[in-house]
Structures are given as structure tokens and as C-alpha cells.
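Taking numbering that gives the first Met the number 0, the leading residue of the sequence shown gets 0, the next gets one more, and so forth.
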Amino acid sequence: MKKSITLFFLLAIITLASSQSSISERQKATIQKATIQKATIQKDSIKKSRTAMELEEKKIDSLISSLGKFKIYKKAAHASYYADKFNGRRTTSGTKFDNNKYTAAHKKLPFGTKVKVTNEKNGKFVIVEITDRGPFVKSREIDLSKRAFMDIAANKNSGGLQVTIAVMSN
């Protein structure tokens, strides 16, 4: 009886040890596979970035087509962005301001209006929703959330841009 129990425990230990070594071999294989994939991605970055850009364009096109048509409201408008101190404060529309969302402030456009703001220098654009009033500076036409501004800005350190504002029409 003692021999059979000892033999059982010996077999259990051997089985456990072999399963642990196979797990570590699997983990090594997974790590090697991930390393190879990472190297392949870096090697084929041009092809990957083109594909990513095509997907991005398709997403943008589908977003625009689902939202509707945009009618130019103003060209050569001056856009700026909200300071971080306004994050978390209430906007004029009653919503809480978040610098990480795609929102904007305009003097006259109704709240909830979807606006396409295009940087005139590089052609990048964002679609934002008007949630606040402002900017209260004569020379500025629209205040964007920081995220929206940084998405279209060529120079991330600049405080203003020349943009074209287009309003969504149903």
C-alpha cells in the first residue's frame, strides 16, 4: 500500500512538472510569435499605415454620410481652444464641459448643432457639437475643445488656427 501511494505521488509530481514545463514552452512560443509580429509590423509600417489611413477615410466618409451634408458657414475663421481650467465646469447649455470630447463654443449657432471645422493649412477636420457660448473675443469665431483642436492642429504649440466652419444641414 505504501509503495502504491508513493508511486502515485511520484507520478503526480512528474505530471505536474511536465505540465509546467509545457506551459512555459507555450509562453515562450507566444512571446516569440509576438516579437516576430512586432518586427513584421515595423518592417511593413508603410503598408500598414496606408491600410489604416484607408480605414480612417472610410470611417470618416461613413460618419459624414450618416450625419448629412455640410454647408459652409464661414471661411478664414479664427479658432482657439478651451483652457484646462474650464474642464468639469457647466457650459451655457447645461452640460458638463470635458476637454476630451468633440465640442465647441460659438456665439450664435444653436446648441446641439453639428459643425465640421477644417484646418485651412493641412485639410484636417473634426466634427464637433456646439454646447457653449463664446468665445468672447472679437477676432475669434469658435472655441474648440482641446482634443478637437489638437486633432486638426499642425503645430501643437499654437493657440489659434485659420479654419473653415461648415454647418450640418438636414
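All C-beta atoms in this analysis are idealised placements derived from N, C-alpha and C, irrespective of residue type, glycine included.
Ordered along the chain, which non-local residues of its own chain (more than five positions away) have a Cβ less than 7 Å from that of R88?
-> For this step, residue 88 is matched to residue 89 along the sequence shown. Correct list, in chain order: F96.
In terms of residue numbering, what span does the alpha helix (DSSP H) encompassing K145 cover?
-> Counting from 1 along the sequence shown, the entry for residue 145 is found at position 146. Taken as a continuous stretch (DSSP letters only), the alpha helix (DSSP H) holding K145 covers 145-151.
Output yes or no for whether 8 Å exceeds the beta carbon distance between K70 and A165.
-> Along the sequence shown, one-based indexing puts residue 70 at 71. Along the sequence shown, one-based indexing puts residue 165 at 166. Taking 8 Å as the Cβ cut-off, K70 and A165 qualify as a contacting pair.
In the structure shown, what three-state DSSP assignment does D60 receive?
-> As a working note, residue 60 is residue 61 in the sequence shown. Because the pLDDT at D60 is just 49, under 50, the model does not fix this residue reliably, and the value given afterwards should be weighed accordingly. In this structure, D60 counts as helix in the three-state DSSP scheme.
What did DSSP end up calling K84 once you bin it into helix, strand or coil?
-> Position 85 of the sequence shown, counting from 1, holds the residue named residue 84. K84: helix per DSSP, three-state reduction.
So, does the CB of A153 fall closer than 8 Å to a CB anywhere in chain B?
-> Of the protein chains in the structure, only one exists, and it is not chain B.
Who are the Cβ neighbours of S168 in its own chain at under 6 Å, not counting the five residues just before and after it?
-> Taking the first residue of the sequence shown as position 1, residue 168 is located at position 169. Same-chain partners within the cutoff: K68, K70.
Going by Cα to Cα distance, which pick from G159, K74, I151, T94 is closest to I126?
-> For this step, residue 126 is matched to residue 127 along the sequence shown. Out of G159, K74, I151, T94, I151 has the C-alpha closest to the C-alpha of I126.
Hey, would you say I104 sits closer than 8 Å to I141, going by beta carbons?
-> Residue 104 sits at position 105 when you count from the first residue of the sequence shown. Residue 141 sits at position 142 when you count from the first residue of the sequence shown. According to the sequence as given, residue 104 is Ala; it is not Ile. For A104 and I141, yes; Cβs fall inside 8 Å.
Nonlocal neighbours in the same chain, by C-beta distance under 7 Å from D43, ignoring five residues either side | Here residue 43 is taken as the residue at index 44 of the sequence shown, counted from 1. Since pLDDT at D43 reaches only 49, below the 50 mark, its modelled position is unreliable, and no value is offered.
Continuous beta strand (DSSP E) assignments of at least 3 residues falling wholly in the stretch 82-142 = For the stretch 82-142, whole beta strand (DSSP E) runs of length 3 or above, ordered along the chain, are 102-105, 113-118, 124-131.
Can you give me the Cβ contacts of L143 inside the same chain, cut-off strictly under 7 Å, excluding the 5 residues immediately before and after it?
-> As a first step, residue 143 is located in the sequence shown; it is residue number 144 there, counting from the start. The residues are A78, Y80, A103, V116, V127.
Cα-Cα, which of A153, K84, S138, G122 is closest to K106?
-> As a first step, residue 106 is located in the sequence shown; it is residue number 107 there, counting from the start. It is S138 whose Cα lies nearest to the Cα of K106.
What's the gap between the Cα of T94 and the Cα of G111?
-> Here residue 94 refers to the residue found at position 95 of the sequence shown. Here residue 111 refers to the residue found at position 112 of the sequence shown. When the Cα atoms are used, T94 and G111 turn out to be separated by approximately 11 Å.
Considering only residues of the same chain and omitting the five flanking positions on each side of G159, which have a CB-CB separation below 7 Å?
-> Sequence index remark: in the sequence shown, residue 159 carries index 160 (1-based). Correct list, in chain order: H77, A78, S79.
Member of D131, E119, N156, Y72 whose CA lies at the smallest distance from the CA of N86 = Locating residue 86 in the sequence shown gives position 87, where the first residue counts as 1. For the residues D131, E119, N156, Y72, the minimum Cα distance to N86 belongs to D131.
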